[in-house]
Amino acid sequence: MTISATIEVLIDEADQCLAQAEKESGKDLARSLQLLQQGVGKLLQAYLIANEKRSPTRLREQFELCQQIEPDFASIEEELEYLLSVNPKEAEAEDVIDTANEIWDFVTDLLENSEAFEEDFSDELD
Numbered sequence: 001m002t003i004s005a006t007i008e009v010l011i012d013e014a015d016q017c018l019a020q021a022e023k024e025s026g027k028d029l030a031r032s033l034q035l036l037q038q039g040v041g042k043l044l045q046a047y048l049i050a051n052e053k054r055s056p057t058r059l060r061e062q063f064e065l066c067q068q069i070e071p072d073f074a075s076i077e078e079e080l081e082y083l084l085s086v087n088p089k090e091a092e093a094e095d096v097i098d099t100a101n102e103i104w105d106f107v108t109d110l111l112e113n114s115e116a117f118e119e120d121f122s123d124e125l126d
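If you want it as structure tokens, here you go:
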């Protein structure tokens with residue numbers, strides 16, 4: 001599988017996680033949060049692969065490696081920490097989903113500008 005094909009699969013899986021999380025948010029926020037974390041992990045993994053880096057399995061470690069590659073990841077560190085630390089019993093579903101969407105926007109914007117992408121593939125992220 002090519003790098004761009006692997007990235008495409010990961011982005012599709014991340015999109016599915018985020019979509020399912022939105023559906024679950026009204027019924028089971030803990031499950032929704034778990035799906036959002038999985039989706040963000042897949043996005044970070046896609047970014048690492050696009051930059052020819054091996055992806056760790058833990059979300060925080062993935063983020064730290066992404067930040068070493070691109071210091072602008074610091075701009076979403078607060079959002080990532082929120083997703084990792086929020087208590088589902090105290091959180092608002094909309095806030096959790098909005099946070100994950102901010103991370104989605106940031107990472108996909110970076111991926112669109114990645115050399116690992118073919119021109120026609122970056123159009124699929126919009």
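Residue numbers (my numbering): 1 to 126. We put the CB at the ideal spot given by N, CA and C, even for glycine. These figures come from a predicted structure and were not determined experimentally.
Rounded distance between the beta-carbons of residue j and residue i, thought under 8 Å
| i | j | result |
| --- | --- | --- |
| Leu29 | Gly41 | Actually they do not touch by this definition, with Cβ atoms about 18 Å apart. |
| Leu18 | Ala91 | Actually they do not touch by this definition, with Cβ atoms about 16 Å apart. |
| Glu70 | Leu110 | 6 Å |
| Ala93 | Ser25 | 4 Å |
Closest Cα partner of residue i within the set the options
| i | options | result |
| --- | --- | --- |
| Glu81 | Leu36, Glu112, Leu111 | Leu36 |
| Ala50 | Ala21, Cys66, Glu77 | Cys66 |
| Asn113 | Ser55, Tyr47, Leu84 | Tyr47 |
| Pro88 | Ala21, Gly39, Lys53 | Ala21 |
| Ile97 | Glu64, Asp12, Gln38 | Gln38 |
Proximity of residue i and residue j at Cβ, strictly below 7 Å
| i | j | result |
| --- | --- | --- |
| Glu61 | Glu79 | no |
| Gln45 | Leu83 | no |
Within-7 Å CB hit, residue i to chain D
| i | result |
| --- | --- |
| Thr6 | The structure shown contains no chain D; it holds only a single protein chain. |
Residue i, buried or exposed, once every other Cβ within 10 Å from all chains shown has been counted against 16
| i | result |
| --- | --- |
| Gln68 | exposed |
| Ser32 | buried |
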